[in-house]
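Before any comments, here is the structure.
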Amino acid sequence: MAAPIPPATSFGTAFAAFGRTDLRTIRRDSLLIAVMLGPIGYALALWFLPALTAHAHQQWDFDLAPYHSAIISAFCVLGPPLLLGAVMALQLLDERDQDTLVALRVTPVPATAYPAYRALTTAVVTAMSVIASLALTGQVPPAALVLSVPIAVVAGLLAPILGLVMSAIGRNKIEGLAVMRVMGLAVFTLPVVPFFFLDSPWQLAFGVLPPYWPVRAFWSAYDGGTYWPYVLGGLAYHAVVVVALLRLATRQLARAG
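Next comes the structure, spelled out in structure tokens:
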């Protein structure tokens with residue numbers, strides 16, 4: 001539950017108050033800690049990728065190596081935004097159920113402060129999780145890992161997009177969980193379709209899907225190609241989508257209660 005905010009507050013003091021409350025909540029909630037550590041589990045699972053590649057080659061004479069970038073991106077570029085975006089959605093839905101957002105309406109906090117705080121903190125934590133999980137896989141060359149830093153920023157912006165969409169569609173936590181299942185399937189599968197089935201020019205048609213940009217940038221960085229157009233495109237597109245969703249969340253807050 002969000003902390004009460006003193007009068008004459010600013011975005012900075014509001015963010016600080018929300019942050020202190022979140023730290024207390026996280027310390028008390030072992031399940032939340034476990035969920036936030038989920039991206040590390042994704043990374044550790046990829047330790048078995050070399051063995052799986054060798055087995056596929058020996059058993060079926062199939063070379064899995066050309067698809068490593070797609071596999072790694074599914075686990076470590078898309079996994080953290082999906083997981084942490086879901087955490088954000090559950091927090092927003094839980095606070096909506098508890099009428100916390102209604103209570104904030106009678107404080108001096110700007111209407112956009114709370115959803116903006118959730119979006120910012122989720123994006124930062126997600127970006128750090130993407131870099132950490134890529135580093136822990138042991139499958140990403142150092143040069144590609146350095147190039148992945150701006151890609152992690154793009155992936156970080158993806159998390160609040162997913163969280164805000166989930167919370168906007170779901171009216172409560174039960175509906176939110178159902179939305180998460182559907183979105184999880186879409187996030188993990190649709191952006192990977194261009195990798196397997198479409199030539200490069202046609203892949204851009206998938207740019208309407210926010211998950212496309214970080215994974216496409218990672219494929220290029222991992223394979224030594226030109227990746228910065230996808231980073232810049234992703235940053236611009238995600239920023240526009242986040243701003244639009246924050247406005248929607250602010251209007252929902254104004255109508256709450």
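Start counting the sequence shown at 1; every next residue gets the next number (the UniProt record's numbering).
Glycine is no exception: its CB is placed at the ideal position from the N, C-alpha and C atoms.
Sequence-distant residues of its chain with Cβ nearer than 8 Å to residue i (five each side left out)
i, result
"Leu46", "Ile71, Ile72, Phe75, Cys76, Thr137, Gly138, Gln139"
"Ala244", "none"
Own chain partners of residue i with C-beta closer than 6 Å, once the 5 adjacent residues on each side are dropped
i, result
"Pro4", "For Pro4, the pLDDT reaches just 46, beneath the cut-off of 50, and the residue's location in the model is therefore unreliable, although a value from the coordinates is still provided. Nothing meets the Cβ criterion."
"Ala239", "none"
"Ala144", "Ala221, Tyr222"
Bounding residues of the alpha helix (DSSP H) (the contiguous stretch that carries residue i)
i, result
"Ala74", "Looking at the DSSP string, Ala74 is not in any alpha helix (DSSP H), and its letter there is neither H nor E."
"Ala51", "49 to 60"
"Val215", "212 to 222"
"Gly184", "173 to 189"
"Ala155", "142 to 169"
"Val208", "Looking at the DSSP string, Val208 is not in any alpha helix (DSSP H), and its letter there is neither H nor E."
"Thr126", "113 to 137"
When the options are compared against residue i, the one with the closest alpha-carbon
i, options, result
"Trp219", "Pro142, Pro66, Asp94", "Pro66"
"Tyr227", "Ala236, Ser69, Arg216", "Arg216"
"Leu120", "Val182, Ala54, Gly163", "Gly163"
"Met166", "Pro141, Ala152, Asp63, Pro81", "Pro81"
"Leu158", "Leu64, Ala178, Val208", "Val208"
"Asp223", "Pro150, Ile174, Ser69", "Ser69"
Spatial neighbours of residue i in its chain, beta-carbon cut-off 7 Å, leaving aside the 5 residues before and after
i, result
"Gly176", "Ala89, Leu90, Leu93, Met166, Ser167, Gly170"
"residue 259", "Residue 259 cannot be examined here, being either before or after the span of the chain that is shown, 1 to 257."
"Thr53", "Leu64, Ala65"
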